[in-house]
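Following: one structure in structure tokens, then a few remarks.
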Amino acid sequence: MYFAALLARTEDGWEASDTELDDVETLSDLAELAREASDDDTVIVYIEQEDAWFGIVRIEGEEDPRIYVSDGAAAARSSYGEILTREILGDDLDAELDELESLDLDGTEDGEPLADDADDDDDDGPAGVAAEAVPAAPVGDALVLADLGLSERELRALDSDALAVIADALGAAEVLEAVR
41 MYFAALLART EDGWEASDTE LDDVETLSDL AELAREASDD DTVIVYIEQE DAWFGIVRIE
101 GEEDPRIYVS DGAAAARSSY GEILTREILG DDLDAELDEL ESLDLDGTED GEPLADDADD
161 DDDDGPAGVA AEAVPAAPVG DALVLADLGL SERELRALDS DALAVIADAL GAAEVLEAVR
């Protein structure tokens with residue numbers, strides 16, 4: 041289960057709204073959704089999956105999004121998290137996946153079939169391979185909120201209920217609580 045919220049900075053302060061990610065398939069889709077909330081101002085997109093991981097995407101006008109994910113490996117195993125981790129790791133992840141896919145890991149050695157007691161249920165598919173290639177640690181721009189009041193150290197220390205801490209640091213706790 042996912043929770044997503046948008047925090048948009050306006051002339052009057054922060055505005056918060058929860059949002060549906062049903063139509064989001066790429067980072068461009070997510071950035072477009074954020075830009076609709078506020079044309080040229082700062083928009084923070086917060087996504088979390090059941091306390092397993094959270095991600096922050098910061099959109100400022102037409103600039104490239106800045107992304108932070110609390111646990112790359114956990115996020116890579118989910119549809120929205122994979123969008124973020126793939127964007128962060130980009131060519132490095134693609135190169136590692138290409139290298140893994142080029143190996144002949146079909147479970148046989150010199151044409152010999154697997155032993156009967158081998159575990160055939162370990163087929164993780166592409167998502168499992170992608171998750172193995174991503175570190176089980178924070179990935180991305182840890183300074184994404186530093187100029188807004190949340191230091192790199194504070195961001196990396198967050199684990200549960202990160203949104204409340206982030207909203208408090210931004211001065212948006214009250215508007216967020218209204219939509220939560």
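The sequence shown begins at 41 in this note's numbering and counts up by one. All C-beta atoms, glycine included, are put in the ideal place defined by N, C-alpha and C.
Burial state of residue 42 is exposed, judged by a 10 Å Cβ sphere holding fewer than 16 other Cβ atoms.
Of the other Cβ atoms in all chains shown, 16 or more fall within 10 Å of the Cβ of residue 110; this residue is therefore buried.
Put simply, the backbone Cα of residue 51 is about 11 Å away from that of residue 82. Leaving aside the five residues that flank residue 180 on each side, the residues in its chain whose CB is nearer than 7 Å to its CB run, in chain order, 107, 108, 109, 128.
Boundaries of the beta strand (DSSP E) around residue 106: 106-109. In the DSSP annotation of this structure, the continuous segment of the beta strand (DSSP E) that includes residue 88 starts and ends at 82-89.
According to DSSP, residue 189 shares a beta bridge with no other residue. Contact between the stretch 60-78 and the stretch 88-95 is absent: fewer than three C-beta pairs spanning the two stretches fall below 8 Å.
Burial state of residue 102 is exposed, judged by a 10 Å Cβ sphere holding fewer than 16 other Cβ atoms. Residue 50 is bridged by DSSP to 53.
In this structure, DSSP gives residue 116 a helical state, which the three-state scheme calls helix. Rounded to the nearest angstrom, the gap between the Cα atoms of residue 45 and residue 186 is 19 Å.
Cα atoms of residue 53 and residue 210: separation of roughly 10 Å, rounded to the nearest angstrom.
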